[in-house]
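Novice: Going from the sequence shown to our numbering is simple: count from 1 and add 791. Glycine included, each C-beta is placed from N, C-alpha and C at the ideal position.
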Amino acid sequence: MLEIVIEARKASLAPGMDVRRILPFRLRRMVGPFIFMDHAGPVDVQPQLLHSMDVLPHPHIGLSTVSYLFGGQVTHRDSLGVEQVIRPGEVNWMTAGSGIAHSERFEDPAALAGGKLEMIQTWVALPEKDEEAQPSFDNYKPEQLPVFTDSGVWMRLIAGEAFGLKNKVKTHSPMFYLHVILDAGTRFGLPSEHTERGMYVAKGSIEVSGHTYAAGQMLVFTKGADPVILAKETATLMLLGGEPLGERFIWWNFVSSRKERIEQAKADWQQGRILLPPTDNLEFVPLPEDRSRPAGNPSPQALS
């Protein structure tokens, strides 16, 4: 029933900003189309450290990035000329396809005053037919995302289909992505219509089959398993998964079904063929030194 438990690994993004990296994991590279997951914060943003947390322009291919905030705000800029302030409860879906560069900056201390910055960043691999799609960016407001409530349960569908819920977030393959909050003592289950399913405990703790799991752990379940999830205390969960896409290669911020496409992306970034954001083009993240390390190294750019 329970295939694997993934322990988030701590990584430092910048002074005062640590992230917990859940995917990729050496024993479980993907869950459905999800190939990357970071949980940043919660962190009190100190004004003197604000810009040290910025993620400079950097490239992607072959995937969609999905940004979802619990608190704070981030300014997104990309090669398409999009400039979007990302706020809690919104879904920000950027499809890299054939290649895009973007930055995420923390520019408004007043907006963060008295609060904490906290966000979940995932990457969704594209099916082969869409790996070279035209880049795009979409922002979806909370009111565009269906919310379900029941006794002890609050649930928002971020993307895909689950529990009979659908929304208008454009996806490229069968999947689901849910933000769930359970009151202490509440029982919950998993959507049954997807082949691969994972549950990340973002806050609190839950019990499954007599075992307790806490914040920072992802549980991946076997196909057809029907576990009962019991909230030991108020718990925030991110449920995700879908249909598997097959093997993917990942190097830095590049994802592809073909190794040679990764090599092309490296050259494209070095030679300036992936354009910088027109309103954020004075600095960028250089291509890491290639020492032919295994897939997944160098580490993906956090919060990217």
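Using the DSSP secondary-structure output, state which residues sit across from residue 907 in a beta bridge.
Specialist: Per the DSSP secondary-structure output, residue 907 pairs in a beta bridge with 835.
Novice: In the DSSP assignment, the beta strand (DSSP E) including residue 875 goes from what residue to what residue?
Specialist: 874-877
Novice: Extract the residue ranges of the beta strand (DSSP E) inside the stretch 975-1059, only unbroken runs of 3 or more that lie entirely within it.
Specialist: 987-994, 996-999, 1002-1005, 1008-1012, 1020-1022, 1026-1033, 1040-1042 and 1045-1047
Novice: Which one of 797, 826 and 816 has the shortest CA to CA distance from residue 1032?
Specialist: 826
Novice: Can the beta-carbon of residue 917 be found closer than 9 Å to that of residue 824?
Specialist: yes
Novice: Can you give the Cα-Cα distance for residue 796 and residue 999, rounded to whole angstroms?
Specialist: Between residue 796 and residue 999, the C-alpha separation is close to 12 Å.
Novice: When the Cα of residue 992 is compared with those of 1030, 965 and 963, which residue comes out closest?
Specialist: When only C-alpha atoms are compared, the closest one is 1030.
Novice: Is it buried or exposed, residue 1085, if we count other Cβ atoms within 10 angstroms and call 16 or more buried?
Specialist: Note that residue 1085 scores 42 on pLDDT, short of 50, meaning its location in the model is unreliable; the coordinates nonetheless yield the value given after this. Residue environment analysis places residue 1085 among the exposed positions, since fewer than 16 neighbouring C-beta atoms fall within 10 angstroms of its C-beta.
Novice: Can you list, in chain order, the residues of its chain with a C-beta nearer than 8 Å to that of residue 1023? Leave out the 5 residues immediately preceding and following it.
Specialist: 975, 995, 996, 997, 998 and 1003
Novice: Could you spell out where the beta strand (DSSP E) holding residue 814 opens and where it closes?
Specialist: 808-814
Novice: With a CB to CB cut of under 7 Å and the five nearest residues on each side skipped, what residues in its chain are close to residue 964?
Specialist: 824, 918, 1033, 1034 and 1036
Novice: Are there three or more Cβ pairs, one per stretch, closer than 8 Å when the stretch 925-940 is compared with the stretch 1009-1020?
Specialist: no
Novice: Anyone know if the C-beta pair for residue 1056 and residue 890 falls short of 9 Å?
Specialist: yes
Novice: Going straight from the alpha carbon of residue 1043 to that of residue 855, what length do you get?
Specialist: Those two C-alpha atoms are separated by around 15 Å.
Novice: Keeping to the same chain, check which residues put their C-beta closer than 6 Å to that of residue 958; ignore five residues upstream and five downstream.
Specialist: Hits under 6 Å: 936, 937 and 948.
Novice: Taking the alpha-carbon positions, what's the residue 1079 to residue 982 distance?
Specialist: 40 Å
Novice: Do you know offhand how far residue 913's Cα is from residue 929's?
Specialist: 15 Å
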